[in-house]
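Participant: Numbering (this note's numbering), first residue to last: 38 to 397.
Glycine residues also receive a C-beta, built at the ideal position from the N, C-alpha and C atoms.
It should be emphasised that the depicted structure is a prediction, and the values quoted were computed from it without experimental measurement.
First the structure, which I've put down as structure tokens, then a few questions once you've had a look.
Put into structure tokens, the structure is as follows:
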């Protein structure tokens, strides 16, 4: 039997099956256009229910590895080496702006205020102490644990830098990678990204978007060595890069010995039953810098962001920029750490995702 479900594992059967199937698709065991085994056959071979198979196949469909054809089965649509750029359509002129409103994901004020009171009682005058330069270990450790269980990103607290929002972190990245690089951005993209980079003296190249992400010919054309992407629900286009495109971004960075900045501001609120795969977790070249904030998941007024550096870049950051003071008060950091550690943060994310699926 090819697919084995470990009943002693903490992972659900459908997640184990999904991961095994995804690996076979990426490794080419199921090439582009191949039909996957029928749900009934796979259920019999792996000794699980047909519902479990349906759940695994549904996630593969959501992430763009396969597609379902009525009365025919599931067929692989993922392809890495033979991505066909001529089939892409310029999406720039037909973009439909998505709302940047936070109204669909309000964090319960009662929970937030209760947590703030608890932190005041637990930490007392400690909240008046200056934060460590890279952020409090309490928050960095909480983020590490959260990323591991929600996104499969396994990092250490030393790889995490806390800052007052994504725009502040963009500036640090320019100083880390150097100004003498061309930064490629999605076109259209969130205007502040380009403004911050240009304010830091960086040349930006705007790459046209197709319906599945940055167009392949644009990636080939640019002379950039840094690629800034928002692979999920890019603003303002609403485009989400599927599996093939995400691997294409990774290959682009490998060929150019370049870097990817993954801006993941909205991915946690996906309607999928599984968290979106991050480019950071898919890449093996350790050239991806991951950025996220709490503006969408808690409130726009929470001006706190974090970036996850590849392991080998953590020491470089320390040597170049370790002298920078953290720009987030320790009180806010302790509150966020408490929300993550006690489960309130993820409970609210799951609530919003259920609501989005219901309204889809």
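Use the C-beta contact count for residue 185: other C-beta atoms within 10 angstroms, 16 or more gives buried, fewer gives exposed.
Facilitator: Here residue 185 corresponds to residue number 148 of the chain shown, with the count starting at 1. By the neighbour-count rule (16 or more Cβ atoms within 10 Å), residue 185 is not buried but exposed.
Participant: Between residue 89 and the rest of its own chain, which residues show a CB-CB distance below 6 Å, the 5 nearest in sequence each way excluded?
Facilitator: Counted from its first residue, the chain shown places residue 89 at position 52. Closer than 6 Å at Cβ, skipping near neighbours: 50, 51.
Participant: Hey, out of 379, 361, 391, whose CA is closest to residue 212's CA?
Facilitator: On the chain shown, position 175 is the one that residue 212 refers to. Checking every option, the nearest Cα to that of residue 212 belongs to 361.
Participant: Once you ignore the five residues that flank residue 266 on each side, which residues in its own chain have a CB closer than 8 Å to its CB?
Facilitator: Counted from its first residue, the chain shown places residue 266 at position 229. Excluding sequence neighbours, residue 266 sits near 223, 250, 251, 278, 286, 297, 298, 299, 300, 316.
Participant: Once you ignore the five residues that flank residue 72 on each side, which residues in its own chain have a CB closer than 6 Å to its CB?
Facilitator: As a working mapping, residue 72 is identified with position 35 in the chain shown. Taken in chain order, the residues that qualify are 110, 112.
Participant: Does the distance from the C-beta atom of residue 330 to that of residue 203 stay below 8 Å?
Facilitator: Residue numbering aside, residue 330 sits at position 293 when the chain shown is read from its first letter. Residue numbering aside, residue 203 sits at position 166 when the chain shown is read from its first letter. Yes, they are a contact pair.
Participant: Indicate whether residue 394 and residue 308 have their beta-carbon atoms separated by less than 8 Å.
Facilitator: Position 357 of the chain shown, counting from 1, holds the residue named residue 394. Position 271 of the chain shown, counting from 1, holds the residue named residue 308. The answer is yes: Cβ separation under 8 Å.
Participant: Mapping the DSSP letters down to three states, classify residue 247 as helix, strand or coil.
Facilitator: The residue given as residue 247 occupies position 210 in the chain shown. Here residue 247 sits in strand by DSSP.
Participant: Provide the residue span of the alpha helix (DSSP H) that contains residue 330, from first to last.
Facilitator: As a first step, residue 330 is located in the chain shown; it is residue number 293 there, counting from the start. Where residue 330 is concerned, there is no enclosing alpha helix (DSSP H), although the beta strand (DSSP E) it sits in stretches over 325-330.
Participant: I believe residue 219 touches residue 240 by the beta-carbon criterion, under 8 Å. Please report the beta-carbon distance rounded to the nearest angstrom.
Facilitator: The residue given as residue 219 occupies position 182 in the chain shown. The residue given as residue 240 occupies position 203 in the chain shown. 5 Å between Cβ atoms; contact.
Participant: If you check the beta carbons only, do residue 368 and residue 156 fall under 8 Å apart?
Facilitator: Counted from its first residue, the chain shown places residue 368 at position 331. Counted from its first residue, the chain shown places residue 156 at position 119. In contact: residue 368 and residue 156 (Cβ atoms closer than 8 Å).
Participant: In angstroms with no decimal places, state the Cα-to-Cα distance between residue 355 and residue 170.
Facilitator: On the chain shown, position 318 is the one that residue 355 refers to. On the chain shown, position 133 is the one that residue 170 refers to. The straight-line gap from Cα to Cα measures roughly 10 Å.
Participant: Opposite residue 104 in the DSSP bridges: which residues?
Facilitator: As a working note, residue 104 is residue 67 in the chain shown. Paired residue(s): 112.
Participant: Pull up the DSSP beta-bridge partners for residue 23, would you.
Facilitator: Outside the shown range of the chain, which is 38 to 397, sits residue 23, and nothing can be said about it.
Participant: Quick check: what's the CA-CA separation for residue 352 versus residue 289?
Facilitator: On the chain shown, position 315 is the one that residue 352 refers to. On the chain shown, position 252 is the one that residue 289 refers to. Approximately 25 Å, taken between the alpha carbons.
Participant: Assuming residue 58 and residue 105 form a contact by the criterion Cβ under 8 Å, report the distance between their Cβ atoms to the nearest whole angstrom.
Facilitator: Sequence index remark: in the chain shown, residue 58 carries index 21 (1-based). Sequence index remark: in the chain shown, residue 105 carries index 68 (1-based). Wrong, their Cβ atoms sit about 14 Å apart, outside the cutoff.
Participant: To the nearest angstrom, report how far apart residue 55 and residue 96 are at their CA atoms.
Facilitator: Translated into the one-based positions of the chain shown, residue 55 becomes position 18. Translated into the one-based positions of the chain shown, residue 96 becomes position 59. Those two C-alpha atoms are separated by around 7 Å.
Participant: For residue 323, which option in 350, 182, 364 has the closest C-alpha, if you only look at C-alpha atoms?
Facilitator: Translated into the one-based positions of the chain shown, residue 323 becomes position 286. Among 350, 182, 364, the Cα nearest to that of residue 323 is on 350.
Participant: Taking all protein chains shown into account, do 16 or more other C-beta atoms lie within 10 angstroms of the C-beta of residue 78, making it buried, or fewer, making it exposed?
Facilitator: Looking up residue 78 in the chain shown gives position 41. Per the 10 Å Cβ criterion, exposed.
Participant: Tell me whether the beta-carbon of residue 374 lies closer than 8 Å to the beta-carbon of residue 182.
Facilitator: Translated into the one-based positions of the chain shown, residue 374 becomes position 337. Translated into the one-based positions of the chain shown, residue 182 becomes position 145. In this structure, residue 182 does not lie closer than 8 Å to residue 374 by Cβ.
Participant: So, at 6 Å on beta carbons, what are the nonlocal neighbours of residue 136 in its own chain, with the 5 sequence-adjacent residues on each side left out?
Facilitator: The residue labelled residue 136 in the question sits at position 99 within the chain shown. Confidence is the limiting factor: at residue 136 the pLDDT is only 42, short of 50, which leaves the residue's position unreliable, though a coordinate-based value still follows. For residue 136, where only same-chain residues beyond five positions count, there are no Cβ hits under 6 Å.
Participant: Using 8 Å for Cβ pairs, my map puts residue 67 next to residue 281. What's the rounded Cβ distance?
Facilitator: The residue labelled residue 67 in the question sits at position 30 within the chain shown. The residue labelled residue 281 in the question sits at position 244 within the chain shown. Rounded, the Cβ-Cβ distance is 14 Å, inconsistent with contact.
Participant: Beta-carbon within less than 8 Å of residue 259's beta-carbon, same chain only, minus the 5 sequence neighbours each way: which residues are those?
Facilitator: As a first step, residue 259 is located in the chain shown; it is residue number 222 there, counting from the start. Cβ within range, chain order: 219, 221, 242, 244.
Participant: The alpha helix (DSSP H) that contains residue 92, what's its start and end?
Facilitator: For the purposes of this step, residue 92 is taken as the residue at position 55 of the chain shown. Here the alpha helix (DSSP H) through residue 92 covers 87-99.
Participant: Kindly indicate which three-state DSSP category residue 39 falls into: helix, strand or coil?
Facilitator: On the chain shown, residue 39 is found 2 positions in, with the first residue counted as 1. Looking at residue 39 - three-state DSSP - the assignment turns out to be coil, as it is neither helix nor strand.
Participant: Quick one: give me the first and last residue of the beta strand (DSSP E) that residue 221 is part of.
Facilitator: Mapped onto the chain shown, residue 221 falls at position 184. Looking at the DSSP string, the run of the beta strand (DSSP E) that includes residue 221 is 219-224.
Participant: Measure the beta-carbon distance from residue 39 to residue 82 and round it to whole angstroms, keeping in mind my assumption that it falls under 8 Å.
Facilitator: Residue 39 sits at position 2 when you count from the first residue of the chain shown. Residue 82 sits at position 45 when you count from the first residue of the chain shown. At roughly 7 Å, the Cβ-Cβ gap stays under 8 Å, so residue 39 and residue 82 are in contact.
Participant: Compare the Cα-Cα distances from residue 200 to each of 376, 385, 380, 365 and report the closest residue.
Facilitator: Taking the first residue of the chain shown as 1, we reach residue 200 at position 163. Of the candidates 376, 385, 380, 365, the one whose C-alpha sits nearest the C-alpha of residue 200 is 365.
Participant: In angstroms with no decimal places, state the Cα-to-Cα distance between residue 205 and residue 76.
Facilitator: Position 168 of the chain shown, counted from the first residue, corresponds to residue 205. Position 39 of the chain shown, counted from the first residue, corresponds to residue 76. Straight-line Cα distance between these residues: approximately 48 Å.
Participant: Let me confirm a value: residue 41 is counted as buried when at least 16 other C-beta atoms fall within 10 Å, else exposed. Which label applies?
Facilitator: Indexing the chain shown from 1 puts residue 41 at position 4. Exposed, since its Cβ has fewer than 16 Cβ neighbours within 10 Å.
Participant: Along the chain, where does the alpha helix (DSSP H) that runs through residue 204 open and close?
Facilitator: Taking the chain shown and counting its residues from 1, one reaches residue 204 at position 167. Where residue 204 is concerned, the enclosing alpha helix (DSSP H) stretches over 203-214.
Participant: Between which residues of its own chain and residue 325 is the CB-CB distance below 6 Å, once the five residues before and five after are set aside?
Facilitator: Taking the chain shown and counting its residues from 1, one reaches residue 325 at position 288. Excluding sequence neighbours, residue 325 sits near 297, 299, 316, 317.
Participant: Alpha carbon to alpha carbon, how far is residue 108 from residue 392?
Facilitator: Within the chain shown, residue 108 is the residue found at index 71, counting from 1. Within the chain shown, residue 392 is the residue found at index 355, counting from 1. Taking the straight line from one Cα to the other gives about 30 Å.
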